[in-house]
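The sequence shown runs contiguously to residue 128 in the working numbering.
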Amino acid sequence: HLAILKGDWESTKAFLDNDPSALTTKITVLGQTALHVAAVGSQWKLVEKLAQLMPPNMLTELDLMGCTCLHYVALGGSGSVDAGKALVAKNSSLTQITDFKGFTPLIYSITSTICKEMVWYLVLNTTD
């Protein structure tokens, strides 16, 4: 998953082409998928590209903290809004999913305060 953390799309894509199951497999001790790893590493363009490859239901996959990829994207700064929009466009239920403490991605973005545009986007797309 180092290629993902570095934002190296060519290496990531080559690896996924060789092993397509790696796209949806949990690859860290925290139970994170490649999509989670890209979001935690603030690799927003990679998040967008991986989301395009994944089936919509896999975007709701939780890690051991109970977080979807969107929870981590919601914490992000510049560039994270496009990644968030790509995720929500593919699966609109992502905005409603809570972590194990009951927090939605909107709550994460409000507490982060790094990107007000993300807060507003999630306010407009979260119904609960």
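Beta carbons are placed, not taken as given, at the ideal position from N, Cα and C, and that holds for glycine. All of these numbers come straight from a predicted model, not from anything done at the bench.
Just reading off the alpha helix (DSSP H) that residue i is part of, what are its end residues?
i, result
"residue 17", "9-18"
"residue 52", "44-53"
"residue 111", "105-112"
"residue 82", "80-90"
"residue 117", "116-125"
Assign residue i to buried or exposed, taking buried as 16 or more other Cβ atoms, counted over all protein chains shown, within 10 Å of its Cβ.
i, result
"residue 105", "buried"
"residue 78", "exposed"
"residue 83", "buried"
"residue 57", "exposed"
"residue 120", "exposed"
"residue 124", "exposed"
"residue 48", "buried"
Return yes when the Cβ of residue j is within less than 9 Å of the Cβ of residue i, no when it is not.
i, j, result
"residue 66", "residue 39", "no"
"residue 62", "residue 17", "no"
"residue 35", "residue 64", "no"
"residue 37", "residue 25", "no"
"residue 80", "residue 42", "yes"
"residue 21", "residue 74", "no"
Leaving out five residues on either side along the sequence, give the residues of the same chain with a beta carbon under 8 Å from the beta carbon of residue i.
i, result
"residue 53", "16, 23"
"residue 126", "95, 96, 104, 105, 106"
"residue 85", "121"
"residue 60", "68, 91, 93, 94, 97"
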